[in-house]
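Written below as structure tokens is the structure these notes are about.
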Amino acid sequence: MVCEILSVGTELLLGQILNTNAQYLAVQLSLMGIDVYYQTTVGDNAARLSETLMRALSRSDAVILTGGIGPTQDDITKEVVASALGLPMEDHEPTIRRLEAFYARRGWAMTPNNLRQAAFPRGAVILENANGTAPACIVETGGKAIVVLPGPPNEMQSLFETQVKPYLETKSESAIASRVLRIIGMGESSVEHAIREIIDSQTNPTVAPYATFGEVTLRITAKCRKGEDPAPLLDGTESRIRSILGEYVYAVDAPGMEHVVAGMLMRSNKRLAVAESCTGGMVASALVKVPGISAALTEGVVAYSDEAKVRRLGVRRETLEKFGAVSAETAKEMAAGLLGGADVALSVTGIAGPGGGSGDKPVGLVFVAVGDRDGLEVKRFNFWGARERIRTLTTLNALNMLRLYLQKEG
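In this note's numbering, each residue carries its 1-based index in the sequence shown increased by 380.
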């Protein structure tokens, strides 16, 4: 089944209101296995709306319109639908009585223009609006459906969930399932290049890469008939991707890196201590978001100054003088200084900017160390951008280094 979303309102075209309705509908329809190939926004203009509606009907099984069904003269959606289909508008007596009762209960005078909300194209199925005064409606024509919904999101969403969704489910024979792979350490272009053969040959499931901050997600989407198990389709494609990307895939359908790492830590029964400089506690804070982490995280130390690194973490003054605070040597000694009370230590030191950089050590230079009493691994990163971007990327990649360490340790 193919459905098109048609958003009505000049305020949407002018950017005065964010079109959250279209996003909501696209997500819901996708979850139902209904394809959405087009989304269109049209202002409060009858000719353009009529033209767009008829074009949508020519290429879709259903069209969902949102907005333009209120009491004012610029609320033209139902009238345009009726005109485009050659149908007269008819008053709906139950809606008129409901409107009269609504105003009477509040002691308000009902102006005549409110009756516009009670007029519908002939033959429409009326959908009562429990959260507003303007009912929605469904008009069937030539084996296709036109669904007219109100613009306010709370009204639209309630009507869709309770009345439109069940209606569409009777018309659609397919279901859809998705699986999201989260990837770190590769850019979107590199990921796409690596799995180019899978993308080029895809039919069902489909694979789509999306770049998000600091990572890439791959959404695998499988379509099947209602009642069928989509897992075999999803499993096969996921297996092919994992065979190519390997450890760059850090999670499947997981909320984020901190949850993945916290879970690994708690299952390993290892105690972690964290020493931070440029991130100022962001690494420990990310882990603390996860309930139960107290079983694994023993302490987090922010040692920003050289003196704090010496006094609190046992970094040698000679190391700082010879290599500087931002160096592999200092990162390693910062982590080593915490291993007296922990099984695993993670440390971060870097230059977040905007000042403090030099030719040899530019803004964005970061060193991360992770390991245990048997040895510490140090990795150098060169990030770019504003201060908070560098700090956030440092946090994410430090957690990823911890993930890889825990994965290797088994």
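All C-beta atoms in this analysis are idealised placements derived from N, C-alpha and C, irrespective of residue type, glycine included.
Helix or strand or just coil, what does DSSP make of residue i?
i      : result
Val641 : helix
Arg753 : coil
Arg760 : strand
Ala711 : helix
Ile770 : helix
Val668 : helix
Val748 : strand
Ala778 : helix
Ser410 : helix
Thr699 : helix
Ala722 : coil
Thr400 : helix
Ile385 : strand
Ala655 : strand
Val743 : coil
Val706 : coil
Ser674 : helix
Ser738 : coil
Ser570 : helix
From the options, pick the residue whose C-alpha is nearest to that of residue i; which is it?
i      : options                        : result
Ala510 : Asn493, Thr659, Thr542, Glu757 : Thr542
Thr772 : Ala749, Gly661, Ala711, Glu698 : Gly661
Asp592 : Ile456, Val422, Ser387, Leu776 : Sequence inspection shows Thr at residue 592; the Asp mentioned does not correspond to that position. Selected option, being the one with the closest Cα: Leu776.
Val681 : Asp415, Ser569, Gly790, Arg691 : Arg691
Val560 : Ala602, Pro546, Val527         : Ala602
Asn534 : Leu613, Leu405, Asn649, Val505 : Leu405
Val416 : Gly395, Arg439, Met434, Leu756 : Arg439
Lys650 : Ala711, Val668, Ala722         : Ala722
Arg769 : Ala402, Val743, Gln787         : Val743
Ala525 : Pro515, Gly531, Gly512, Ser552 : Ser552
Tyr418 : Ile579, Gly389, Cys383, Ile476 : Cys383
Tyr547 : His639, Pro530, Cys517         : Cys517
How would you call residue i, buried or exposed, if buried means at least 16 neighbouring beta carbons within 10 angstroms?
i      : result
Gly522 : exposed
Gln497 : buried
Gly751 : buried
Arg783 : buried
Asp455 : buried
Leu398 : exposed
Pro612 : exposed
Tyr628 : buried
Ser569 : exposed
Leu394 : exposed
Ser727 : buried
Val407 : exposed
Pro530 : buried
Glu701 : exposed
Report the CB separation of residue i from residue j in whole angstroms; it is logged as a contact under 8 angstroms.
i      : j      : result
Ile624 : Ile575 : 6 angstroms
Lys741 : Met714 : Wrong, their Cβ atoms sit about 17 angstroms apart, outside the cutoff.
Ser410 : Ile556 : 6 angstroms
Val460 : Leu429 : 5 angstroms
Phe747 : Val706 : 7 angstroms
Ala402 : Ile385 : 5 angstroms
Ala514 : Ile449 : 5 angstroms
For the stretch 518 to 563, which segments carrying the beta strand (DSSP E) assignment without a break, of at least 3 residues, lie completely within its bounds, in sequence order? Along the stretch 518 to 563, the beta strand (DSSP E) occurs as fully enclosed runs of 3 or more residues at 524 to 529, 554 to 563, listed in sequence order.
Hey, which unbroken runs of the beta strand (DSSP E) at 3 residues or more fall wholly within the stretch 577 to 647? Secondary structure remark: continuous beta strand (DSSP E) runs of at least 3 residues inside the stretch 577 to 647, in chain order: 586 to 592, 595 to 605, 629 to 632.
Taking the runs of the beta strand (DSSP E) that are 3 residues or longer, which of them lie wholly in the stretch 415 to 451? Correct list: 415 to 422, 442 to 446.
What are the uninterrupted segments assigned as beta strand (DSSP E) that are 3 or more residues long and contained completely in the stretch 454 to 524, given in chain order? You should have 469 to 471, 499 to 501, 505 to 507, 516 to 521.
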